[in-house]
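Trainee: Numbering (the working numbering), first residue to last: 33 to 290.
(1) Taking residue 270 as part of the beta strand (DSSP E), name the residues at either end of that continuous run.
(2) Looking at residue 63: is its Cβ nearer than 8 Å to the Cβ of residue 88?
(3) Secondary structure at residue 245, three-state DSSP: helix, strand or coil?
(4) Just to check my reading of the structure: residue 216 and residue 170 have Cβ atoms closer than 8 Å, yes? What is that Cβ distance to the nearest angstrom?
(5) Within 10 angstroms of the Cβ of residue 212, are there 16 or more other Cβ atoms? Answer buried if so, exposed if not.
(6) In the DSSP assignment, the alpha helix (DSSP H) including residue 118 goes from what residue to what residue?
(7) For residue 154 and residue 100, which I take to be in contact (beta-carbon distance under 8 Å), what is that distance rounded to the nearest angstrom?
(8) Fully enclosed by the region 186-248, which beta strand (DSSP E) runs are 3 residues long or longer?
(9) Going by Cα to Cα distance, which pick from 239, 284, 281, 35 is closest to residue 107?
(10) Tell me whether the region 143-163 and the region 189-197 touch, counting them as touching only if at least three CB pairs, one residue from each stretch, are closer than 8 Å.
(11) Nearest by alpha-carbon distance to residue 183: which of 130, 44, 224, 103 is it?
(12) Between the region 43-50 and the region 243-257, are three or more C-beta pairs nearer than 8 Å?
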């Protein structure tokens, strides 16, 4: 595993993946996102503690043209991409279907589904040519089980689940591994802040239980990516101990805080 590309790398699970893979000794990291200043800060932080090459790509994953231009701009030493981590995604709003905002729906569908498709189409073509590579999609418990007011977000993550299975079948004969991690609640991300349009008070959803940490998910992703070439861990569903499903959470305090 020489070169790893991570979308949505400026925060949360994507940022944690960059840190975990760098610490594990990957040679090249390609960090993708729209917020270039955050990507630059992450690059500097990682290089202060690790020896590797890091390249930043700042673009809007909702645009196929921008995705294509960004990937075409990669220097030769960043080619080929061995592992693609499709992490970029978000939730917008928590509304009954008749009260949902069209712009929220479009943002989720364009990012969570189309963005994943665009990057996967471009990166997988080269993987097919060399008959190797690993694609890891970040799904959600919302892609396994719907919940009230989650309508379009859940649908977008069910699509990720279906696409992961379909892409695996498309690429299996080329020796390409396709995996998925579906986490429940994860703190140290901007998920709730994005969902509630920056409303800090509404975003405080982890005060009475311990969710997963971004690093927990990143370490699981690294474990998947670092298995021998003949092993493909296809699907991991993971939640904090106090969460049993999308809707069942034991909110009896932050029991596991140390």
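Glycine included, each C-beta is placed from N, C-alpha and C at the ideal position.
Mentor: Inspection of the coordinates gives the following:
(1) 267-270
(2) yes
(3) strand
(4) Rounded, the Cβ-Cβ distance is 12 Å, inconsistent with contact.
(5) buried
(6) Here residue 118 belongs to no alpha helix (DSSP H); instead the beta strand (DSSP E) covers 115-118.
(7) 6 Å
(8) 209-215
(9) 35
(10) yes
(11) 130
(12) yes
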